[in-house]
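Here the structure comes first, spelled out in structure tokens, and everything after it is commentary.
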Amino acid sequence: DGRIHARMIDRIRRKFDTAATLVPKPEIVTRDKKGKAGIIYFGATRPAVLEGPDMLEKDGTRLNSTRPKAFPFSEEVKDFCAAHDKIFVVEQNRDAQMRQLLMVEANGPSEKLIATLNYDGTPLAATWWRNTLLKTLAPAKAEAAEQAKAEAAKQAKAEAAAQAKVEAAKQAKAEAAANAKAEAAKQ
């Protein structure tokens, strides 16, 4: 009978909803009360994510963060998703599994949840995700910084080439003087 099946599914849903009220609460750090960008992280990403916000603040970017400690998600995680316009979901897997769970279970719109993935097998570094976030948050700023760095390298190369020309001219002048002196000595 379909009604029996429906009652069982409804019962499982109620258990799931109850579990969401009993799981450990997430860690939430508010660095900018008016901020509309945040980070969701978990597991082994924690050390890098704890270090990264200080690095981002030096760049003028303040982000709120949350670390869900359990699934199903508590209301606090859902509220965090609702309160921010951009949420970087920092994960160390290829398929953005946490992002998918947030979309399905926390009603996080896909355009809000930005997968920030690193799955090369190395521990996550704060500088990696900081650079990744900056490219998304301030692409013009990140591009300008990269252009400035390239311009500085180009300038340094040009200065080195100019110095090499000066040295070559000095050596040529010294050789010409030595040749002239040797010519004068022959006469």
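In this text, residue positions in the sequence shown follow this note's numbering: the first is 104, and each later residue adds one. Even glycine gets a Cβ: it sits at the ideal position worked out from N, Cα and C.
Point to revise | Where the alpha helix (DSSP H) containing T202 begins and where it ends | key: At residue 202 the sequence reads Arg, which differs from the Thr that was named. Its alpha helix (DSSP H) spans residues 200-208.
Practice item. Kindly provide the ranges of any beta strand (DSSP E) runs that are 3 or more residues long and lie completely inside the stretch 215-285, ordered along the chain. Key: Fully enclosed beta strand (DSSP E) runs of 3 or longer: 216-220.
Point to revise | Simplified DSSP assignment, three categories, for T133 | key: Correct three-state label for T133: coil.
Exercise for review: Starting from F191, follow its DSSP beta bridges and name the residues at the other end.
Suggested key: Paired residues: I142, I217.
Check your understanding: Three or more beta-carbon pairs under 8 Å between the stretch 156-164 and the stretch 182-192, yes or no?
Key -> Because the criterion of three Cβ pairs below 8 Å is not met, the stretch 156-164 and the stretch 182-192 do not touch.
Point to revise | Local Cβ density within 10 Å of E194, reported as buried at 16 or more and exposed below that | key: Buried, since its Cβ has 16 or more Cβ neighbours within 10 Å.
**Study point:** C-beta neighbour in chain B for N282, strict 8 Å
**Key:** In the structure shown, chain B does not exist; there is a single protein chain.
Review point. Taking Cβ positions, are T121 and I143 nearer each other than 8 Å?
Key: Not in contact: T121 and I143 (Cβ atoms no closer than 8 Å).
Point to revise | Residue interval of the alpha helix (DSSP H) (run including R149) | key: Per DSSP, R149 belongs to the alpha helix (DSSP H) from 149-161.
Review point. How would you call L125, buried or exposed, if buried means at least 16 neighbouring beta carbons within 10 angstroms?
Key: Under this definition L125 is an exposed residue.
Point to revise | Check whether F145 and P127 have beta carbons under 8 Å apart | key: Result no, Cβ atoms of F145 and P127 do not sit closer than 8 Å.
Review point. Just to confirm, are L216 and V192 a CB contact at a threshold of 8 Å?
Key: For L216 and V192, yes; Cβs fall inside 8 Å.
Practice item. Provide the residue(s) that pair with R106 in DSSP beta bridges, ordered along the chain. Key: R106 pairs with nothing; no bridge assigned.
Exercise for review: Quick one: measure Cβ to Cβ for W231 and V152, integer angstroms, because I've assumed they're closer than 8 Å.
Suggested key: With a Cβ gap of about 11 Å, W231 and V152 do not count as contacting.
Check your understanding: Quick one: is N282 buried, meaning 16 or more other Cβ sit within 10 Å of its Cβ, or exposed?
Key -> Exposed.
Exercise for review: Give every residue of the same chain whose Cβ lies closer than 8 Å to the Cβ of T133, excluding the five residues on either side of it in the sequence, and list them in chain order.
Suggested key: Contacts found: N167.
Check your understanding: Going by other Cβ atoms of all chains shown within 10 Å of its Cβ, with 16 needed for buried, is I190 buried or exposed?
Key -> Looking at its Cβ environment, which holds 16 or more other Cβ atoms inside 10 Å, I190 is buried.
**Study point:** Euclidean distance between Cα positions of A251 and K289
**Key:** Cα to Cα, A251 sits roughly 56 Å from K289.
Review point. In whole angstroms, what separates the C-alpha of A109 from that of N234?
Key: Using only the alpha carbons, I get a separation of about 49 Å.
Review point. Taking the alpha-carbon positions, what's the A264 to Y222 distance?
Key: Their backbone Cα atoms lie some 41 Å apart in a straight line.
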